[in-house]
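Enquirer:
In the working numbering, the protein residues as written are 305 to 1097.
1) Whose CA, out of 931, 1037, 969, 998, lies closest to the CA of residue 1050?
2) If we count the other Cβ atoms within 10 Å of its Cβ and call it buried at 16 or more, is residue 887 buried or exposed?
3) Measure the Cβ-Cβ separation of residue 531 and residue 569 and say whether it is below 8 Å.
4) Which residues mark the beginning and the end of the alpha helix (DSSP H) in which residue 620 is found?
5) For the putative contact between residue 986 and residue 1000, defined by C-beta atoms under 8 Å, what is the C-beta separation to the nearest angstrom?
6) First and last residue of the alpha helix (DSSP H) that includes residue 1086?
7) List the whole-angstrom C-beta distance separating residue 446 from residue 333, where the pair is believed to meet the contact cut-off of C-beta under 8 Å.
8) Whether or not the region 428-445 and the region 694-714 are in contact is what I'm after, with contact meaning three or more pairs of Cβ atoms, one per stretch, closer than 8 Å; do they touch?
9) Report the residue ranges of all alpha helix (DSSP H) runs contained in full by the region 362-426; include only those spanning at least 4 residues, in chain order.
10) Using a threshold of 8 Å, state whether the C-beta atoms of residue 933 and residue 1047 are closer than that.
11) Pull up the distance between the alpha-carbon of residue 713 and that of residue 615, whole angstroms please.
12) With H, G and I counted as helix, E and B as strand and the rest as coil, what does DSSP make of residue 466?
13) If you measure between the beta carbons of residue 736 and residue 623, is that distance less than 8 Å?
14) Just verifying my parser: in three-state terms, what is the DSSP assignment at residue 660?
15) Answer with buried or exposed for residue 460, where buried requires no fewer than 16 other C-beta atoms within 10 angstroms of its C-beta.
16) Buried or exposed: residue 370, going by 16 or more other Cβ atoms within 10 Å of its Cβ?
17) What residue range does the alpha helix (DSSP H) around residue 909 cover?
18) Where does the unbroken alpha helix (DSSP H) through residue 992 begin, and where does it stop?
19) Among 1081, 374, 914, 344, which residue has its Cα nearest to the Cα of residue 393?
20) Going by C-alpha to C-alpha distance, which of 969, 379, 992, 874 sits closest to residue 1003?
21) Who are the near neighbours of residue 772 in its chain, counting only those whose CB is closer than 6 Å to its CB and skipping five residues on each side?
22) By Cβ distance, which residues of its chain are closer than 8 Å to residue 822, with the 5 residues on each side in sequence left out?
23) Could you tell me the alpha carbon to alpha carbon distance between residue 557 and residue 965, rounded to whole angstroms?
24) Just the C-alpha distance for residue 312 and residue 426, rounded to the nearest angstrom, thanks.
25) By the 10 Å Cβ neighbour count, where 16 or more other Cβ atoms means buried, how is residue 328 classified, buried or exposed?
26) Between which two residues does the alpha helix (DSSP H) holding residue 336 run?
27) Buried or exposed for residue 655, going by 16 or more other Cβ atoms inside 10 Å?
28) Apply the 10 Å Cβ neighbour rule to residue 474 and answer buried if 16 or more other Cβ atoms are within range, or exposed otherwise.
29) Of the choices 581, 922, 912, whose alpha-carbon is the least far from that of residue 748?
30) Residue 832 to residue 914, Cα distance in whole Å?
31) Can you find at least 3 beta carbon pairs, one from the region 546-564 and one from the region 418-425, that sit closer than 8 Å?
32) Drop a sphere of 10 angstroms on the beta-carbon of residue 767, count the other beta-carbons inside from all chains shown, and report buried for 16 or more, exposed for fewer.
33) Considering only the alpha carbon of each residue, which of 815, 807, 337, 609 lies closest to residue 740?
34) Can you give the Cα-Cα distance for residue 455 and residue 341, rounded to whole angstroms?
35) Using 8 Å for Cβ pairs, my map puts residue 1021 next to residue 961. What's the rounded Cβ distance?
36) In whole angstroms, what is the alpha-carbon distance linking residue 412 and residue 491?
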């Protein structure tokens, strides 16, 4: 009984679930809002109290995110709610004061329960509805219709606090992953799974059999669950054997071992305080308490010590049991998030739980069989846990929810025995996890390496791609790469060798991504790098050579000379040639027309979905280029915005048209000046001024830019290139060797703060200068009172 318990103690009082199949006789084509509302109505009914009284008492609605709202730019073919929790509340007839849309991730249902249990205990909430739904199967089915329904909703909520917590993808997804084709969950998990197989020393057949044995009992549970998306029992052999129906998705996963996201499912739980539950008239037989909880997060995949392990998940389960004061033997029901086998085995093997434990490892049937209802799956597991412990008073259920790539783990222990909410020590445990050692991450690797793990992804049409994580021989840095197109030998190793992990590979970095080959010879053949040289044909730039001067014009005036990857590649190649050619001593870069030098990134091209990248040498082939020991002059005619300003900042000298405008305008379009602007501008002008320009996107004119030291000379309108040529001519009068070595010393001493130390810093540049032909020629010409004849030697 609960008479002596703190009345603010949180308690679950109602749960509800719903599912529908497209081919079922009673199919209604519910939207995600509809499904959540039906589940909520069932949760309200489950309390046994007056439905309208319960609905009227709801002061908070917090929902998980749908798939269509879990990643930037995800499609919503039938539309979506702009404020999903508010839409659910409105249709339910509730009027909560607070509405929350949680971050993406399968951990979110249990995290919400733990969070709002604390909110209730502290008096910040009273009656909370937690839930969500997915209608992925319905949306896919109905989107094909000519008269398709509209699932969009834009609810007004003037008297309500609405909190959209964002995608929450930091550490879970990166541009680097996207550049290497690592965009699907099967591929991401396949990398971890194959690392685990290598660590265990299992053969392909042994490991496949173990995955089948792990998940076969899940199918039996799913087959008996009326809400399952795939209520079909399979043997371990059926799950592990590749067939036409059970095709390979991403090594080592055939389809039957992969989470099923084509589902229509919703689940809701009602959480309140003991005193509110009594006030609402809920019978105490409905009360289920949160006995223990933990929320932990592993580091991003490339930052983990061992790729086949997720220590945070294991620690979270152990800690939740510790908080509950229970051991594994005390738990009667388990539900381990089962999107892929490693999400389960990572925990169960560490805890010593057998796949054939008579208590079972799932309450629903698991994500590949019951259904992977997106971020909301574990809300179904919690609903099942509540029903199970109610049916067996005194029993306990443990739910472990997983988000990301065995990344975020939230665990809850449930039971009918009354208990006040206990504090957990997740924050300290998280600090311990964050402090674990990890290998250095190398974004742009080159050279021989060892394959650390791999996967091969397969398309329906027979296409396939290999993705690897490797460790460089030089320094042991870890990197991500794709198998180079055409390297059939390496693909054969990944697909057929008994253990590809440990094989030697060769990696080559490009601006568009890293590629691995079986050997350096294969890299040279499949990924040839052209010798630095100027071409006669360019599509996006113009090139003019005038003696020792090179003029480069960005030639995209129709888009204000914005740059996209093909233009970047051409510019990178030209500047490679410039720095390689001993007879080119000075370069000028400008923009075609009078309106713009360069207005930055081509955002329209970027929005088209085409790959966006810059060369390894940075924006325009300049902003990340090292050893820029020959001067580049920017002739700024018109707008130098965003990346265009960053080009100018990377140049040694800048001439600006009187009408020129400069700005780091990225914040105005949701970006930031990542091509050097955030670094160079505060080092070049007063920091407060730079900060203002960066944070506001404020434009400055040519005169102000000159006053700040960003511009060397201001030219009359329309004369920027002419004045830049004059400046280049003045520079060309000096020794190109002296100019080059002067820039080299300036670069070498830039990081030395103390002036005397910088002046006195040992350098071989002086020796290089004094033995040069130009130094001898300069002194000889001076003595003979004749013009010098520079050779750049």
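For each residue, glycine too, the CB sits at the ideal point set by N, CA and C.
It should be emphasised that the depicted structure is a prediction, and the values quoted were computed from it without experimental measurement.
Expert: Based on what the coordinates show:
1) Scanning 931, 1037, 969, 998 for the CA closest to the CA of residue 1050 turns up 931.
2) Sixteen is the threshold: since fewer than 16 other Cβ atoms of the shown chains lie within 10 Å of the Cβ of residue 887, the residue is exposed.
3) Their beta carbons are under 8 Å apart, which means residue 531 touches residue 569 by this criterion.
4) In this chain, the alpha helix (DSSP H) harbouring residue 620 covers 615-628.
5) Residue 986 to residue 1000, Cβ: 14 Å. No contact.
6) Here the alpha helix (DSSP H) through residue 1086 covers 1077-1088.
7) Distance from residue 446 to residue 333 at the Cβ level is roughly 6 Å; contact confirmed, criterion being Cβ atoms closer than 8 Å.
8) Verdict: no, contact absent.
9) Runs of the alpha helix (DSSP H) inside the region 362-426: 388-396, 412-425.
10) Yes; because the gap between Cβ atoms is below 8 Å, this pair is in contact.
11) Roughly 10 Å separates the two Cα atoms.
12) Three-state result, residue 466: strand.
13) No, the pair does not count as a contact, with Cβ atoms beyond the cut-off.
14) DSSP places residue 660 outside both helix and strand once states are collapsed to three, so it counts as coil.
15) Under the 10 Å beta carbon count, residue 460 is surrounded by fewer than 16 other beta carbons and is classified as exposed.
16) Note on residue 370: 16 or more other CB atoms within 10 angstroms of its CB, so buried under the neighbour-count rule.
17) From DSSP, the alpha helix (DSSP H) with residue 909 extends over 907-911.
18) In the DSSP assignment, residue 992 falls within the alpha helix (DSSP H) that extends over 991-1000.
19) The closest CA to that of residue 393, considering only 1081, 374, 914, 344, is found on 344.
20) Nearest of 969, 379, 992, 874 to residue 1003, Cα basis: 969.
21) Here the set comprises 755, 758, 785, 820.
22) So the qualifying residues of the chain are 791, 793, 794, 797, 809, 810.
23) The straight-line gap from Cα to Cα measures roughly 55 Å.
24) About 7 Å.
25) Around the beta carbon of residue 328, a 10 Å sphere encloses fewer than 16 other beta carbons of the protein chains shown; the residue is thus reported as exposed.
26) First-last of the alpha helix (DSSP H) with residue 336: 336-350.
27) Label assigned to residue 655: exposed.
28) Classification of residue 474: exposed, given that the 10 Å Cβ count is below 16.
29) For residue 748, the closest C-alpha among the options 581, 922, 912 is that of 922.
30) CA-to-CA, the gap between residue 832 and residue 914 works out to about 23 Å.
31) Contact fails: fewer than three Cβ-Cβ distances are below 8 Å.
32) Burial state of residue 767 is exposed, judged by a 10 Å Cβ sphere holding fewer than 16 other Cβ atoms.
33) From the listed residues 815, 807, 337, 609, the smallest Cα separation to residue 740 is found for 609.
34) C-alpha separation (whole angstroms): 14 Å.
35) Sure, about 6 Å apart at Cβ, within 8 Å.
36) Each residue's Cα considered, the two are about 22 Å apart.
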